[in-house]
Amino acid sequence: MFITTFQADVTPPIGSPLCGGLVKPAVKIVDPLSARGIILFTDEQPIVLCAVDWCGICDESHDLWRESIAEAAKTTRDRVTVHTLHPHDAPWTNRSLANYLKKEDVVFSKDIHSKDMRFENEVIERVASTVRRSLASRQPVSHLSMGRAKVEKFASNRLILGKDGKIEHGRASSCQDEHIRAMDEGLIDPFVRSVGFWNEEKPLVSLTWYASHPQSFYNRGAVSYDTVGLARGLREATVPGVDHIHFCGAGANIAAGKYNDGLPINRFKLAGRLAAGMENAWESSVKIPIRSKDVKWKIKTIALPLSSHIAENSEGIKAVMNDETVPVTKRMLAAWQLGYKEMLLAGRKVSVSCLKLGPAYLLHFPGEMFVQYQLAAQAMRPDEMVCLAAYGDLGIGYVGTKKSYEQGGYECSTEIAKVAPEVEEVLLNAMREILD
């Protein structure tokens with residue numbers, strides 16, 4: 002069994018759209034963004050796991066990333082995963098939406114998406130070239146390490162229920178209301194998980210997973226990888242020579258709002274707490290031998306149910322999209338819903354996958370998933386290490402639980418949601434199958 006790593010610069014130029022044009026465009030570069038990943042070589046075709054410091058990569062854009070990386074790594078697309086870390090002051094690309102807007106002759110965001118696609122073309126080729134070069138630098142893997150540790154005072158649930166069982170308060174990435182900050186953390190996964198690859202006594206690569214939005218503050222046009230990128234950098238500085246790759250877990254309804262009033266200094270405090278958890282997870286890891294025969298890859302393609310609101314109100318949504326008196330953000334979200342419906346009707350599906358490394362299960366899922374999915378996956382394998390990376394194909398947007406669509410809140414509102422409550426049963430069934 003062998004491994005190699007790759008890393009490419011994916012920092013957007015000044016003036017680039019950020020978060021798909023939903024926030025201010027880039028006016029300065031605070032942090033250089035990267036796409037980084039591993040390639041595993043076993044007795045079968047290579048497996049590639051890639052994490053990108055972008056807000057989102059959606060639909061046809063996501064397909065193109067996987068296809069390009071697969072060709073460079075000499076493998077197939079179904080053995081490549083691409084996930085984003087979801088910082089908001091970073092690119093967000095969606096070729097399917099751009100094509101839909103062009104077809105419908107919607108002009109309000111043509112420039113945004115044409116810029117996105119031109120830059121994305123350059124980046125995809127840059128990443129592929131880095132992947133090709135990395136093939137000559139593979140190293141043998143003899144051992145796997147696994148650990149987890151609690152992260153103190155970072156994550157809190159964004160959605161606070163009232164006595165009637167409905168959402169009463171929203172607590173986002175930052176919260177200036179002291180009363181709401183004082184409320185309980187709510188349902189979270191408090192642990193950061195760590196998997197390491199070793200060549201005997203030499204550590205090669207560290208992978209980590211943590212479920213929370215990474216934002217401390219944003220929408221100032223300052224390109225940044227935010228808290229997770231800073232934490233990752235601290236770990237690389239602490240353990241030189243070891244490549245560190247981080248994945249965002251199922252953190253759609255999780256953020257730092259309880260511990261962040263929005264002051265810029267909190268970015269560094271939060272990053273330090275996450276880095277401390279990463280360090281504790283690494284130091285407390287259990288190390289075991291691993292061979293090619295211990296590696297299994299399983300993938301399943303699934304169709305997701307469309308929101309009934311989109312299915313039944315397409316004309317009303319199109320009217321919002323075309324109404325020049327409506328804010329651009331709302332028009333963009335309306336276009337996203339209609340473009341997504343068109344793709345589903347054309348038969349588009351998404352993939353979920355599992356990389357089994359001995360007793361460790363690394364899950365790869367699309368969308369911005371509620372933390373309940375991550376906790377459910379861990380409950381299916383309670384005696385083993387289960388790590389879930391969300392924010393794969395982000396075209397489906399938020400993925401709540403069946404109950405959450407009844408409770409209200411922005412994430413499951415008709416304004417933003419694309420999938421129906423029945424998505425929970427579809428995803429949990431797929432989860433059980435790939436964890437079997």
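Last residue of the sequence shown: 437 (this note's numbering), numbering continuous. Using N, Cα and C, we set each Cβ at its ideal position, and we do this for glycine too. It should be emphasised that the depicted structure is a prediction, and the values quoted were computed from it without experimental measurement.
- When beta bridges are read from the DSSP output, tyrosine 211 appears opposite Cys249.
- According to the DSSP assignment, histidine 89 belongs to no beta strand (DSSP E), since it is labelled neither H nor E.
- Here the alpha carbons of phenylalanine 218 and proline 265 stand approximately 7 angstroms from one another.
- Contact annotation: alanine 129 and alanine 73 have beta-carbon atoms nearer than 9 angstroms.
- Under the 10 Å beta carbon count, alanine 377 is surrounded by 16 or more other beta carbons and is classified as buried.
- Beta bridge pairing from DSSP links tryptophan 199 with His144 and Pro204.
- With three or more CB-CB distances shorter than 8 angstroms, the region 86-100 counts as touching the region 11-24.
- In the three-state DSSP reduction, phenylalanine 155 falls in the coil class, being neither helix nor strand.
- The three-state secondary structure of glutamate 61, taken from DSSP, is helix.
- For the region 8-42, the full-length beta strand (DSSP E) segments reaching 3 residues or more read 35-42 along the chain.
- Going by DSSP, lysine 103 is part of the alpha helix (DSSP H) stretching over 96-104.
- The closest CA to that of valine 11, considering only Met2, Arg149 and Trp55, is found on Trp55.
- The Cβ atoms of glutamate 412 and asparagine 254 lie closer than 9 angstroms to each other.
- Burial of proline 88 is indicated by the presence of at least 16 other C-beta atoms within 10 angstroms of its C-beta.
- Glutamate 237 carries a helical assignment under DSSP once its states are collapsed to helix, strand and coil.
- Put simply, the region 179-195 does not touch the region 327-346. Fewer than three CB pairs are less than 8 angstroms apart.
- Bridge partners of histidine 365 according to DSSP: Ser354 and Ala390.
- In this structure the region 244-252 touches the region 364-379; the number of beta carbon pairs closer than 8 angstroms is three or more.
- A check of alpha carbon separations from glycine 38 across Lys104, Thr131 and Phe120 identifies Thr131 as the nearest.
- Per DSSP, reduced to three states, the secondary structure at lysine 403 is coil, with no helix or strand assignment.
- A residue is called buried when at least 16 other Cβ atoms come within 10 angstroms of its Cβ; threonine 326 does not meet this threshold and is exposed.
- Out of Phe7, Leu436, Ser414 and Gly258, the CA that lies nearest to the CA of isoleucine 40 is found in Phe7.
- Per DSSP, the continuous beta strand (DSSP E) segment holding tryptophan 298 begins and ends at 296-303.
- Around the CB of lysine 297, fewer than 16 other CB atoms lie within 10 Å, so the residue is classed as exposed.
- Going by DSSP, leucine 50 is part of the beta strand (DSSP E) stretching over 48-53.
- By the CB criterion at 9 angstroms, glycine 171 and serine 285 fall outside the cutoff.
- Rounded to whole angstroms, threonine 302 and threonine 82 show a C-alpha spacing of 13 angstroms.
- In this structure aspartate 437 is exposed. Its beta-carbon is surrounded by fewer than 16 other beta-carbon atoms within 10 angstroms.
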